[in-house]
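Novice:
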Amino acid sequence: MTNLSSGFGVALSPLNLLCAALGALIGTAIGVLPGLGPPATVALLLPVTYKMEPASAIIMLAGIFYGAMYGGSTTSILLNIPGEAASVVTCLDGYQMARQGRAGAALGVSAIGSFFAGTISVIGLSLVAPAIASFALKFGPPEYFSLVLLGLMMAVYLSEGSIVKGLAMAALGLLFGTVGIDPVHGATRFTFGVSRLLDGFDFVVVAMGLFGIAEVLVNLEAPEIRDIFKTSLQGLLPTRKDWRRCWASVARGSFLGFFIGVLPGGGAIISSFISYAVEKRISKHPEEFGRGAIEGVAAPEAANNAASTSSFIPLLTLGIPGNATIAMIFVALMIHGIRPGPMLLQEHPNLFWGVVASMYIGNLMLLGLNLPLIGFWVRMLRVPYHFLAVAVVFICIIGAYSVKNAVFDIGTMLAFGVTGYLMRKGGFPPAPLILAMILGPILERSLQQSLISSGGDPSLFIEKPISAALLAVAAFVMLTPVWKRMWKLRRTTRERAG
Amino acid sequence: MKNLSEALGSLLLFLVGVGAIIGAVRLHIGSPTEPQPGFFPFLAGISLIFLSSIIFFQGWLGYGQKKAAFGEVRRPALLLAVMIALVAVLDRLGFVIGTFIASGLILRIMSVKSWRVLIITSLGLSVGTYLLFDRLLGIDLPTGMLARFHFMKSGLFWIF
Chain R
486 MTNLSSGFGV
496 ALSPLNLLCA
506 ALGALIGTAI
516 GVLPGLGPPA
526 TVALLLPVTY
536 KMEPASAIIM
546 LAGIFYGAMY
556 GGSTTSILLN
566 IPGEAASVVT
576 CLDGYQMARQ
586 GRAGAALGVS
596 AIGSFFAGTI
606 SVIGLSLVAP
616 AIASFALKFG
626 PPEYFSLVLL
636 GLMMAVYLSE
646 GSIVKGLAMA
656 ALGLLFGTVG
666 IDPVHGATRF
676 TFGVSRLLDG
686 FDFVVVAMGL
696 FGIAEVLVNL
706 EAPEIRDIFK
716 TSLQGLLPTR
726 KDWRRCWASV
736 ARGSFLGFFI
746 GVLPGGGAII
756 SSFISYAVEK
766 RISKHPEEFG
776 RGAIEGVAAP
786 EAANNAASTS
796 SFIPLLTLGI
806 PGNATIAMIF
816 VALMIHGIRP
826 GPMLLQEHPN
836 LFWGVVASMY
846 IGNLMLLGLN
856 LPLIGFWVRM
866 LRVPYHFLAV
876 AVVFICIIGA
886 YSVKNAVFDI
896 GTMLAFGVTG
906 YLMRKGGFPP
916 APLILAMILG
926 PILERSLQQS
936 LISSGGDPSL
946 FIEKPISAAL
956 LAVAAFVMLT
966 PVWKRMWKLR
976 RTTRERAG
Chain V
153 MKNLSEALGS
163 LLLFLVGVGA
173 IIGAVRLHIG
183 SPTEPQPGFF
193 PFLAGISLIF
203 LSSIIFFQGW
213 LGYGQKKAAF
223 GEVRRPALLL
233 AVMIALVAVL
243 DRLGFVIGTF
253 IASGLILRIM
263 SVKSWRVLII
273 TSLGLSVGTY
283 LLFDRLLGID
293 LPTGMLARFH
303 FMKSGLFWIF
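Okay, here's the thing in structure tokens:
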């Protein structure tokens, strides 16, 4: 409690309040605007935070992440276009509610449910995080190797598309992560004589290319169509009947989202889909789902907000970023000379508790921003995409250049932009690549230290109980799709034979 | 061959994997007891080769997922061309002039037809982002040709 109150002392300083408000506002805006996701926005705004205090920087970037979850529902409900991926499932019932003249109730339940879920998740974070951090202090190199491997496997498993492609992207990311001077032996690897590559690829530059430029390139392919559904936005507060129907869904979505967010690789997208599926399965009226069921809006919106907050737990306690946006916040911490992990809570308690406290405040701010400003967000959607696209391109250029004041980095960003564009076209998920690039050096160091200490004997990884348990979970995660496919094949064969 | 683009993508990854292994061998792989700089890239290269082979055969047999179809590629290609040209001349032209021209071209690519909108937006974006990032946030953007008119930087924009 003392820690949390000192955190409020940090979060309530005028500058940090401004940063939280700014982050929540920017987050809501990018959540509303289709075509620019939270990872790209956090990457774009990293240069802005270079001269800020670390706590203020992380408070602002965290605000962008959970703000985007709030904002994403607006376009899903009013346009049937999800502002970001975690709101895809909200389209199913949210848009139907809007068509039935209940857009206000859908937006209201989404905002209030999100606030409730965000608050539950922040409480959970402040209770769970210190326990995980103190447990993680027992981790040695073998445990860290297994944990990072599990994190990567989960990121691949939970990313969209083929698992094999996700794994291939993770392997490519590990390879890209080796470019530059080897941290153990000091040898130069894969720089091809380019001195600018001695420090390796900069994560900010890579993320801006993979998420910012690639997103603009993909969006430029399709003609711009934004048909804003005209409906009454009066009566934003859901009725008593609505609340009776959806309070349990909000609660279930909040808890489910919290637990999925804590998993390495878990996050807002998967939690929203799972909570929707759970609600549909346990509902007495599953036939209403997809036709404007308020539970179909309440549960996924609560889940994605809870997950976005709880996904900070693996980052702040274990130093493992679970998704692309959190990976960018990992980079922000590194830029400010702070190493995320179990020691963060002991070495930088003000930052840790300041960020946690700012999330409480940020959730309140978002409630204030979302409901009264819905009309403004809708009007913002009328801004033509080409203005947004040019602004994104310029901010990417400035962001890449500002890393080392070198035009070379803009070129690198463009190369990764083209790579990201082709990856999306080929169904290769970009998130495992950037996560593997960030986690690669930790994985390599812990692998080498473990092997050296065991005299080259890999059985060390299964002799240590924590490491063995983590590896078992990683193996289970990877083998699940194989079992599923084999089971499906057997059933099909039986049906044919029968 | 049922999915050519999938097979081509996997072939590219396969070649990257082979390149990584060659590079790793040159760096010295070492042994598990004494891993050398090439040890980890070697493992990553092997994994990449193995996984790209699976993707190749999935594409060959038509098991691969449906890939996103390419839409109108002219606009993305033109945008890239403008950005590559900007990278080539940014140091010489400087940020304000370079981005003013580039944003005009990008907006034109995006079918903005009104010259007034084009010029006002380009000017607003290039000068606006320069003032915000260079003057306000202290990111040292290239001055290029405007370096000759140093008084502009210290004089005209002093109020910022």
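Protein sequences appear in the order of chains R and V.
Okay, so the first sequence: first residue is 486 according to this note's numbering, each after it adds one.
Okay, so the second sequence: first residue is 153 according to this note's numbering, each after it adds one.
Ideal placement from N, C-alpha and C gives every residue a C-beta, glycine not left out.
A quick note: this is a predicted structure, and the numbers were derived from the prediction, not measured.
Taking Cβ to Cβ, would you say R:Ala-900 is nearer than 8 angstroms to R:Met-813?
Specialist: Not a contact, by the Cβ cut-off of 8 angstroms.
Novice: Using beta carbons (cut-off 8 angstroms, strictly below), is V:Gly-214 in contact with chain R?
Specialist: So, not an interface residue.
Novice: For the stretch 276–292 of chain V, list every residue whose C-beta sits within 7 angstroms of some C-beta in chain R, in sequence order.
Specialist: For the stretch 276–292 of chain V, which is checked against every Cβ of chain R, the residues closer than 7 angstroms are Leu-277, Thr-281, Phe-285, Leu-289, Gly-290, Ile-291 and Asp-292.
Novice: Report, in whole angstroms, the separation of the C-beta atoms of R:Val-962 and R:Met-654, which I expect to be a contact under 8 angstroms.
Specialist: With a Cβ gap of about 16 angstroms, R:Val-962 and R:Met-654 do not count as contacting.
Novice: Given this structure, state the Cα-to-Cα distance separating R:Ile-544 from V:Ile-174, to the nearest angstrom.
Specialist: C-alpha separation (whole angstroms): 44 angstroms.
Novice: Rounded C-beta distance between V:Leu-293 and V:Phe-247? I'm assuming under 8 angstroms.
Specialist: At roughly 4 angstroms, the Cβ-Cβ gap stays under 8 angstroms, so V:Leu-293 and V:Phe-247 are in contact.
Novice: Could you tell me the distance, in whole angstroms, from the CA atom of R:Phe-624 to the CA atom of R:Asn-488?
Specialist: Answer to the nearest angstrom: the Cα atoms are 24 angstroms apart.
Novice: Comparing the C-beta of R:Glu-948 with each C-beta of chain V, is any distance below 8 angstroms?
Specialist: False, the Cβ-Cβ gap to chain V never drops below 8 angstroms.
Novice: Please list the segments of the alpha helix (DSSP H) lying wholly inside the stretch 158–243 of chain V, counting only runs of 4 or more residues, in order along the chain.
Specialist: DSSP runs (the alpha helix (DSSP H)) wholly in the stretch 158–243 of chain V: 191–213.
Novice: From the DSSP secondary-structure annotation, give me the bridge partner or partners of R:Gly-884.
Specialist: Answer is none; R:Gly-884 lacks a bridge partner.
Novice: Quick one: does R:Leu-899 have its CB under 8 angstroms from some CB of chain V?
Specialist: Cβ-Cβ to chain V under 8 angstroms: yes for R:Leu-899.
Novice: Within 8 angstroms (strictly less), CB to CB, does R:Thr-663 reach chain V?
Specialist: Chain V contact via Cβ: present.
Novice: Bridge partners of R:Gly-665, per DSSP?
Specialist: Answer is R:Arg-674.
Novice: Three or more C-beta pairs under 8 angstroms: does that hold for the stretch 535–552 of chain R against the stretch 738–749 of chain R?
Specialist: Output reads no: the stretch 738–749 of chain R does not touch the stretch 535–552 of chain R.
Novice: Given a cut-off of 8 angstroms on the beta-carbon distance, is the pair R:Gly-911 and V:Gly-171 in contact?
Specialist: The answer is no: Cβ separation not under 8 angstroms.
Novice: For R:Gln-585, which of helix, strand or coil comes out of DSSP?
Specialist: Looking at R:Gln-585 - three-state DSSP - the assignment turns out to be coil, as it is neither helix nor strand.
Novice: Cutting at 6 angstroms between CB atoms, please list the residues of its own chain near R:Ser-734, excluding the five before and the five after it.
Specialist: Excluding positions up to five away in sequence, the list reads Glu-764, Glu-780, Ala-783 and Ala-784.
Novice: What residue from V:Ile-272, V:Phe-192, V:Gly-256 and V:Gly-169 has the CA that sits closest to V:Leu-179's CA?
Specialist: Closest by alpha carbon: V:Phe-192.
Novice: Compare the C-beta of V:Thr-273 against all C-beta atoms of chain R and say whether one is closer than 8 angstroms.
Specialist: It does; some Cβ of chain R falls within 8 angstroms.
Novice: Closer than 8 angstroms, CB to CB, is V:Leu-128 near chain R or not?
Specialist: This structure cannot speak to residue 128 of chain V, because chain V is shown only from 153 to 312.
Novice: With a threshold of 8 angstroms between beta-carbons, can R:Tyr-906 be considered close to chain V, or not?
Specialist: Yes, because at least one Cβ of chain V sits closer than 8 angstroms to the Cβ of R:Tyr-906.
Novice: Shorter than 8 angstroms from the beta carbon of V:Ile-258 to some beta carbon of chain R?
Specialist: By this cut-off, V:Ile-258 is an interface position.
Novice: Near R:Leu-610, which residues of its chain fall below 7 angstroms by C-beta distance, leaving aside the five closest residues on each side in sequence?
Specialist: Same-chain partners within the cutoff: Thr-794, Ser-795, Phe-797, Ile-798 and Val-841.
Novice: Can you list, in chain order, the residues of its chain whose CB lies under 6 angstroms from that of R:Ala-540, leaving out five sequence neighbours each side?
Specialist: Once the five neighbours on either side are set aside, the close Cβ partners of R:Ala-540 are Val-495, Leu-836 and Gly-839.
Novice: Indicate the three-state DSSP secondary structure (helix, strand or coil) for V:Thr-324 in the structure shown.
Specialist: Given that chain V is displayed from residue 153 to residue 312, the structure contains no residue 324 of chain V and the question cannot be resolved.
Novice: For the stretch 172–193 of chain V, which residues have a beta carbon sitting closer than 9 angstroms to at least one beta carbon of chain R?
Specialist: Those would be Ala-172, Gly-175, Ala-176, Leu-179, His-180, Ser-183, Pro-184, Thr-185, Glu-186, Pro-187, Gln-188, Pro-189, Gly-190, Phe-191, Phe-192 and Pro-193, in chain order.
Novice: Quick one: list the residues of chain R neighbouring V:Val-225, beta-carbon separation under 8 angstroms, in chain order.
Specialist: Residues of chain R passing the Cβ test: Glu-706.
Novice: What residues from the stretch 237–252 of chain V come within 7 angstroms of chain R, judged by C-beta to C-beta, listed N to C?
Specialist: Going along the stretch 237–252 of chain V in chain order, one finds Val-239, Leu-242, Asp-243 and Thr-251 with a Cβ nearer than 7 angstroms to chain R.
Novice: Given this structure, state the Cα-to-Cα distance separating R:Met-971 from R:Pro-917, to the nearest angstrom.
Specialist: Taking the straight line joining both Cα atoms gives about 25 angstroms.
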